[in-house]
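K.L.:
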Amino acid sequence: MIELREKGRVRIEGKLLLLSGLHIGAGKDSVEIGGIDNPVIKHPFTGEPYIPGSSIKGRLRFLMEWAFDAIRNDGHAWGYDDGQPVDPNDPVLRIFGNALKDWKGGPTRLIVRDCPLTADDRKRYSEAPDRFFEEKTEVLIDRIAGKARDGVGPRRTERVPAGVRFEVELVFRLYDTGDGGVRDLACLNWTLLGLWLLEQDALGGSGSRGYGRIRFEDLHLVAPGDVRHALDNRFRGHRFDRHTPPAIVSAEALFPKAA
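The sequence shown stops at residue 265 when you use the working numbering, and every number in between is there.
#1: Identify whether Gly40 lies in helix, strand or coil by the three-state DSSP scheme.
#2: Can you find at least 3 beta carbon pairs, one from the stretch 201-217 and one from the stretch 50-68, that sit closer than 8 Å?
#3: Taking DSSP's pairing of strands, which residues face Ile57 in a bridge?
#4: Taking 9 Å as the threshold (C-beta atoms), are Leu69 and Arg219 in contact?
#5: Within this structure, are the beta carbons of Arg130 and Phe139 separated by less than 9 Å?
#6: Among residues of its own chain, excluding the 5 on either side of Leu198, which ones have a beta-carbon nearer than 6 Å to its beta-carbon?
#7: Where Ser256 and Val177 are concerned, what is the direct C-alpha to C-alpha distance, given to the nearest angstrom?
#8: For the alpha helix (DSSP H) holding Glu205, just list the boundary residues, first then last.
#9: Within 10 Å of its beta-carbon, does Glu12 have 16 or more other beta-carbons around it, so buried, or fewer, so exposed?
#10: With DSSP as the reference, please indicate the residues paired to Glu9 in a beta bridge.
#11: Whole angstroms is fine: what's the gap from Asp247's alpha carbon to Phe51's?
#12: Where does Leu204 land, buried or exposed, given buried means 16+ other C-beta within 10 angstroms?
#13: DSSP state of Arg128, grouped into three classes?
#14: Could you check where the alpha helix (DSSP H) with Ala259 kicks off and where it finishes?
#15: Is it true that the CB of Leu10 sits closer than 9 Å to the CB of Tyr181?
#16: Whole angstroms are fine: how far does the CA of Glu258 sit from the CA of Ala265?
#17: Apart from the five residues just before and just after Arg128, which ones in its own chain have a Cβ nearer than 8 Å to its Cβ?
#18: With 16 as the cutoff for other CB atoms within 10 Å, does Val233 come out buried or exposed?
#19: Below 8 Å, how does it come out for the stretch 164-175 and the stretch 82-90: are there three or more Cβ pairs, yes or no?
#20: How is Asp136 classed by DSSP in three states: helix, strand or coil?
#21: Please report how far the alpha carbon of Val118 lies from the alpha carbon of Ile150, in whole angstroms.
#22: In terms of alpha-carbon separation, which member of Asp87, Gly243 and Leu227 lies closest to Ala236?
#23: Are the beta-carbon atoms of Pro58 and Ile30 separated by less than 9 Å?
See below:
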């Protein structure tokens, strides 16, 4: 049995700015004449848009599976079942969790909270809620004629427009698995690098059509004892190395007394 002891938890806090319209769908139980075909998810009591933590975590996992060359040919997520090598040091399985029966690497490390509007945007929403949604009409193109296909009506998709900001909070649990927490510190740095991968990709649906471009702002890492470290641009611009992550955050910064 692998040794397992929690060393502490860190938080990653900041804001997420939309650089293009974002669509994270809510689904519809009914079809309304003249209504939106694809509405965005909203808070059931206030009607405010928000970003589910599962949307960010799922996209991060997708991007990091590709970065680590950990893609399953059957289309399932890495760690979906036992039809793959079980390595307790696997970064993807440590960070995001898995359903493996013989997993001995400990609990899921990364927790991603739902992202509400920032305080400023909540105030603006209360004054003019309609400004927080836009309708984008799209058509199906006839590839031969180069025009809208006859007989197929336009699709109306709801988006949260560019310029809206959301609060972001991620929690990362660090465990000592017999190595003093070295492996989990590496996984934390890979996770921070994953945020830069997300900035280069897209969040939500229709990313290949320009939706979901985002940027993180004012990111801070909050170490045990509520010690804050500004991340600024330190998580950006690194080459993704599958064996050694960049030293964005050091052990000394997280645990100065134990260093």
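All C-beta atoms, glycine included, are put in the ideal place defined by N, C-alpha and C. These figures come from a predicted structure and were not determined experimentally.
P.N.:
So, from the listed chains and residues:
#1: A caution first: Gly40 carries a pLDDT of 45, below 50, which makes its placement in the model too unreliable to give a value.
#2: With contact defined as three or more Cβ pairs closer than 8 Å, the stretch 201-217 and the stretch 50-68 are in contact.
#3: In DSSP, Ile57 forms a bridge with Cys121.
#4: Result no, Cβ atoms of Arg219 and Leu69 do not sit closer than 9 Å.
#5: With a cutoff of 9 Å on beta-carbon distance, Arg130 and Phe139 are scored as not near each other.
#6: Same-chain partners within the cutoff: Phe241 and Ile254.
#7: So the two alpha carbons sit approximately 17 Å from each other.
#8: Membership of Glu205 in the alpha helix (DSSP H) is indicated by the continuous run Val188 to Gln206.
#9: Note on Glu12: under 16 other CB atoms within 10 angstroms of its CB, so exposed under the neighbour-count rule.
#10: Looking at the DSSP assignment, Glu9 forms no beta bridge with any residue, so it has no partner.
#11: About 44 Å.
#12: Of the other Cβ atoms in all chains shown, 16 or more fall within 10 Å of the Cβ of Leu204; this residue is therefore buried.
#13: The answer is helix: DSSP assigns Arg128 an H, G or I state.
#14: Note, Ala259: alpha helix (DSSP H), Ala257 to Leu260.
#15: Closer than 9 Å, so yes.
#16: Any answer about Ala265 is weak, because its pLDDT of 43 lies below 50 and its placement is not dependable; what the coordinates show is given next. Going by the C-alpha atoms only, they are around 5 Å apart.
#17: Sequence-distant Cβ neighbours of Arg128 in its own chain, meaning closer than 8 Å and more than five residues away, are Glu54 and Pro122.
#18: Per the 10 Å Cβ criterion, exposed.
#19: Judged by Cβ distances under 8 Å, the stretch 164-175 makes no contact with the stretch 82-90, as fewer than three pairs qualify.
#20: Helix, per DSSP.
#21: CA-CA distance, Val118 to Ile150, rounds to 45 Å.
#22: Residue nearest to Ala236 within the set Asp87, Gly243 and Leu227 is Leu227 (criterion: CA-CA distance).
#23: The beta carbons of Pro58 and Ile30 sit closer together than 9 Å.
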